[in-house]
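Numbering (this note's numbering), first residue to last: 159 to 249.
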């Protein structure tokens with residue numbers, strides 16, 4: 159998956175073994191950001207728990223970082239992923 163990840167801005171959706179969206183993130187460089195999830199040396203416990211559940215990562219390339227931010231917000235509100243906590247609340 160990582161060798162083929164784009165080096166462009168975009169959004170990534172992490173899915174569990176049932177295909178459910180468990181995390182949505184954005185990046186200015188998708189390949190670099192996704193690679194960071196596979197460096198286990200200094201991985202936070204929360205990130206380690208997330209990565210143990212990930213079966214698939216979908217990516218969407220955007221034209222700009224701003225487009226990625228807007229898409230990320232939209233997907234978080236729509237999908238309500240378990241590991242996204244900041245933008246999930248509609249208050």
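From the three backbone atoms N, C-alpha and C, an ideal C-beta is built for every residue, glycine too. Keep in mind that this is a model prediction, so the values were computed, not measured.
Nearest neighbour of residue i, chosen from the options [CA to CA]
{"i": "residue 223", "options": "183, 173, 179, 161", "result": "183"}
{"i": "residue 164", "options": "225, 217, 181, 243", "result": "217"}
{"i": "residue 240", "options": "192, 211, 189", "result": "211"}
{"i": "residue 174", "options": "238, 232, 221, 215", "result": "215"}
Residue range of the beta strand (DSSP E) that includes residue i
{"i": "residue 176", "result": "Careful: residue 176 lies outside any beta strand (DSSP E) and carries neither H nor E."}
{"i": "residue 220", "result": "From DSSP, residue 220 is part of no beta strand (DSSP E); its letter is neither H nor E."}
Collapsed DSSP secondary structure at residue i in the structure displayed
{"i": "residue 162", "result": "helix"}
{"i": "residue 232", "result": "helix"}
{"i": "residue 238", "result": "coil"}
Alpha helix (DSSP H) segment containing residue i, residue limits
{"i": "residue 206", "result": "203-211"}
{"i": "residue 190", "result": "188-194"}
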